[in-house]
Amino acid sequence: MATQAPAQPIRADSSVEVAPVGDRTARLRRRLAYVALIAYALLMFLPFAWTIITSFKTQADSVRLTFIPDPVSLLGWENAFTALDPSIPRLFFNSAVIAAAVTISNLVLGSMAGYAFARLRFPGREVLFLAVLATLMIPDPLRLVPVYQILKTFGLLSGSLQYVGVWLVLAVAAASIFLLRQYFLSIPRDLEEAAKLDGAGYFTTFVRVMLPLATPALAAVSILQFQGAWNGYFWPLIILTERSQWTLPLGLGQFRELYSTRWPELMAVVVMATIPILILYLFFQRYFVEGVAASGVKG
Amino acid sequence: MAAGTAVVQSKPTPGRLRESRSEALAGYALIAIPMALFLILNIGSIIYALFISFFEWGPRGPRDFLGTENYADVLGDRVFLKAVTNTVYYAFVWVPITMALGLMLAVIVNAKIRGQTFFRAAFYFPAIASSAAITVLWIFLLDPNGLFNALRQVFPFPGLFALLGFADNHNWVGHSSTALNSIVVLNAWTTSGTFMLFYLASLQTISHEVYEAAAIDGAGTWDTFWRITFPLLKPGHYFVATVAVIGALQIFDQAIIAGGASGEPNNALTTMVLYLYREAIAEFNFGYAAAVGMVLFLIVFTATVVQRRLFGQAPSW
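Line by line, the protein sequences give chains S and U.
Here the working numbering is used: position 221 in the first sequence is 221, and no number is missing along the way.
In the working numbering, each residue's number is its place in the second sequence (first place is 1) plus 299.
This is the structure:
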């Protein structure tokens with residue numbers, strides 16, 4: 001052991017810096033690679049930076065290739081606040097209500113089902129779990145007509161009940177169940193056994209022992225679902241037929257049709273619609289990455 | 300307390316039976332609400348869609364039983380065929396480009412480079428915005444007076460696009476010859492970050508020993524990538540390709556925001572889902588739209604099966 005441990009880094013080092021002869025060209029190539037990478041990374045931010053700049057320009061200035069607004073104008077933002085129907089605060093409110101409801105229900109229902117599928121034995125478990133997985137392969141739009149009919153039958157296509165309609169469709173995603181089940185499976189059984197010996201029932205074990213241990217997975221599900229619901233377009237477009245119920249993406253889509261080339265106004269709305277997710281991304285980048293990666297790892 | 304449970308466990312049959320029954324009951328209690336939602340809104344609604352597709356079904360419900368007539372109408376409709384062509388074209392072009400980009404970014408971010416976390420965060424960044432926001436932004440960038448055309452004038456390569464026959468103020472999203480391709484580029488840009496994360500998870504399953512062995516054999520970076528990394532990523536390719544094709548065949552948001560419900564210009568942006576949406580929500584042809592949905596499902600299903608035959612193995616959930 002003691003002799004092997006230092007041997008490894010030496011080998012790894014020697015494989016990195018193979019040829020001392022080509023050292024300078026290697027370093028140059030490395031530098032060029034970094035320049036290219038940084039340029040590509042900046043290219044990722046450039047369009048969004050352009051959006052923010054444009055939102056502070058005047059209409060005439062907005063089509064010019066200048067990086068500093070001349071003059072700096074708040075007209076775009078003002079118009080965005082006054083011209084949009086429903087108003088920006090209302091759109092924010094609607095988006096927030098739906099995204100919060102979807103996130104909470106995915107956490108609660110997703111962890112319940114995830115825990116049951118991971119740990120509790122009951123007849124039909126495998127079949128039901130396979131059925132959940134199979135829905136990942138079925139195109140969502142196939143459900144447009146039947147879901148519309150079902151929601152209409154239950155009177156969920158009018159007034160604020162439209163919120164409930166969107167929420168029901170997004171209430172628990174197969175991805176949430178799957179991600180949480182995989183995480184519960186990875187937790188060692190010892191802690192549950194200990195809780196059982198202390199006389200804890202299944203629900204107590206689930207709530208007191210398993211849920212606290214699953215915090216990273218719950219965080220990943222929250223981020224994934226909040227982002228999905230905040231950004232969602234398809235189901236809100238179909239179910240939220242009353243203007244007063246619209247979310248930010250719907251408002252933006254409509255605004256684009258009405259104000260097709262009023263760029264400062266449009267860009268102000270783009271900025272506002274993106275900022276909440278941007279803030280989440282700055283603080284919880286890890287969970288964005290983990291959530292997406294976890295939904296990408298099979299089993 | 301502890302003694303009591305020990306006694307119950309030592310008597311096998313009645314105690315275990317009671318325990319397994321209470322375990323099953325707990326299981327059913329926990330899955331009851333999520334599974335009820337699933338059975339009604341997912342699995343049930345698919346069966347319901349099949350049922351509706353056999354009827355002439357308007358906003359007030361079923362009018363006439365048509366049998367398979369909706370399907371015959373769908374398959375004979377020229378706009379539907381246009382929608383299929385557009386969607387399949389989109390999938391064939393967008394999937395390989397985005398997978399290659401995602402793989403390239405993943406290999407870069409997976410290498411021992413300084414600022415790894417920053418680059419990963421930057422490459423995933425375009426994926427966080429909503430489809431509505433990013434599409435409106437894209438329309439602005441590609442507008443006749445937009446940033447892209449302006450940059451073409453500044454940099455010394457306008458000749459390239461002029462050679463291809465594009466005017467200085469070409470309307471990329473609004474012209475039928477370039478509308479769909481501009482959506483391809485938009486989505487390749489935004490989704491490559493997501494595929495990077497998928498590939499990154501897959502790359503991390505390859506053991507270091509393989510690379511060390513290759514280094515000892517004197518394999519260069521290029522050889523190592525093509526001879527080792529690429530083939531060993533086979534499960535990753537299969538997974539990303541499956542997700543990509545299923546997603547591509549459902550392209551909708553960007554199409555309707557850029558081209559409206561009629562897929563302008565001239566149906567260049569009419570995709571299968573856009574067509575389904577138009578028939579259902581604008582025309583209230585629910586039976587017909589349900590048949591479109593079933594055909595879409597068959598196409599997605601066939602694509603998945605073909606991919607599994609060609610590249611895959613059974614998924615090991």
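Just so you know, even glycine gets a beta-carbon here, dropped at the ideal spot from N, CA and C.
It should be emphasised that the depicted structure is a prediction, and the values quoted were computed from it without experimental measurement.
Under the three-state DSSP convention, the category residue i falls into
i      : result
U/D363 : strand
S/G291 : helix
U/Y423 : helix
U/N448 : helix
U/G314 : helix
U/E582 : coil
S/P71  : coil
U/N468 : coil
U/R413 : coil
S/K57  : coil
S/L65  : coil
U/A390 : helix
U/I598 : helix
U/S430 : helix
S/Y259 : coil
S/I138 : coil
U/P333 : helix
U/D376 : coil
S/E242 : coil
S/P47  : helix
Limits of the alpha helix (DSSP H) - the one that residue i falls within
i      : result
S/E126 : R125 to A134
S/N94  : I88 to R119
S/D190 : D190 to L197
S/A175 : A174 to S186
S/G228 : T215 to N231
S/W235 : F234 to I239
U/A560 : Neither: U/A560 is in no alpha helix (DSSP H) and is coded neither H nor E.
U/I527 : Taken as a continuous stretch (DSSP letters only), U/I527 belongs to no alpha helix (DSSP H), as it is neither H nor E.
S/P146 : L144 to T153
S/Q162 : L161 to L170
First through last residue of the beta strand (DSSP E) which encompasses residue i
i      : result
U/F354 : F354 to G357
Residue i classed as buried or exposed, judged by whether at least 16 other C-beta atoms fall within 10 angstroms
i      : result
U/I555 : buried
S/A2   : Note on S/A2: pLDDT 35, under 50, position unreliable in the model; the coordinate value appears next. Exposed, because fewer than 16 other Cβ atoms sit within 10 Å of the Cβ of S/A2.
U/L462 : exposed
U/N468 : exposed
S/I10  : Residue placement at S/I10 cannot be trusted, given a pLDDT of 34 that sits under 50; what the coordinates show is reported in the next sentence. Classification of S/I10: exposed, given that the 10 Å Cβ count is below 16.
U/W521 : exposed
S/A175 : buried
U/Q415 : exposed
S/T25  : exposed
U/G464 : exposed
S/R143 : buried
S/Q149 : buried
S/F129 : buried
U/E578 : buried
U/R451 : buried
S/N231 : buried
U/Q503 : exposed
S/E265 : buried
S/A293 : buried
U/W393 : buried
The ligand GTP heavy atom lying under 7 Å from the CB of residue i
i      : result
U/F529 : As far as ligands go, the structure on display features none, and thus does not contain the ligand GTP.
> How do the segment 104-119 of chain S and the segment 171-190 of chain S stand: do at least 3 beta-carbon pairs fall below 8 Å, yes or no?
Replying inline: yes
> Can you list, in chain order, the residues of the segment 346-378 of chain U whose Cβ is nearer than 7 Å to any Cβ on chain S?
Replying inline: Y347, A348 and I351
> the segment 190-223 of chain S: which residues have C-beta closer than 9 Å to a C-beta of chain U, in chain order?
Replying inline: K196, L197, D198, G199, G201, Y202, F203 and F206
>> Closer than 7 Å between beta carbons: that is the criterion. Which residues of the segment 232-253 of chain S meet it against chain U?
In response: Y233, F234, I238, P249, L252 and G253
> Are the segment 566-577 of chain U and the segment 348-362 of chain U touching by the rule of at least three beta carbon pairs closer than 8 Å?
Replying inline: no
> Given 8 Å as the limit, is there contact between the segment 438-448 of chain U and the segment 47-59 of chain S, that is, 3 or more CB pairs closer than that?
Replying inline: yes
> Looking at chain S, which residues of the segment 403-422 of chain U have a Cβ within less than 9 Å of any of its Cβ atoms?
Replying inline: L404, I407, K411, I412, R413, G414, T416, F417, F418, R419, A420, A421 and F422
>> Please identify, using Cβ separations under 8 Å, the residues of the segment 544-568 of chain U that lie next to chain S, in order along the chain.
In response: I545, L548, Q549, F551, D552, I555, I556 and G559
> For the 8 Å Cβ check, are there 3 or more pairs between the segment 538-547 of chain U and the segment 413-426 of chain U?
Replying inline: no
> Between the segment 362-371 of chain U and the segment 155-164 of chain S, do three or more beta carbon pairs fall short of 8 Å?
Replying inline: no
>> Within 8 Å, do at least three Cβ pairs link the segment 97-104 of chain S to the segment 217-236 of chain S?
In response: yes
> Closer than 9 Å, Cβ to any Cβ of chain S: which residues of the segment 489-501 of chain U, in chain order?
Replying inline: Answer set for the segment 489-501 of chain U: G492, T493, F494, L496, F497, Y498, L499, A500 and S501.
>> So, does the segment 238-251 of chain S touch the segment 267-281 of chain S, judging by three or more C-beta pairs under 8 Å?
In response: yes
> Does the pairing of the segment 526-539 of chain U with the segment 398-406 of chain U give three or more beta-carbon distances under 8 Å?
Replying inline: yes
> In chain order, what residues of the segment 460-488 of chain U put their CB closer than 7 Å to some CB of chain S?
Replying inline: none
> Using 8 Å as the Cβ pair cut-off and three pairs as the minimum, do the segment 84-99 of chain S and the segment 231-250 of chain S touch?
Replying inline: yes
> What residues in the segment 140-161 of chain S have a beta carbon less than 8 Å from any beta carbon of chain U?
Replying inline: D140, P141, L142, R143, L144, V145, P146, V147, Y148, Q149 and I150
>> Count Cβ pairs between the segment 185-204 of chain S and the segment 511-520 of chain U that sit closer than 8 Å; are there 3 or more?
In response: no
>> For the pair the segment 430-442 of chain U and the segment 473-488 of chain U, tell me if three or more CB-CB distances fall below 8 Å.
In response: In short, these stretches touch, since the Cβ pair count reaches three.
> On the three-pair Cβ rule with 8 Å, is the segment 402-419 of chain U touching the segment 491-509 of chain U?
Replying inline: yes
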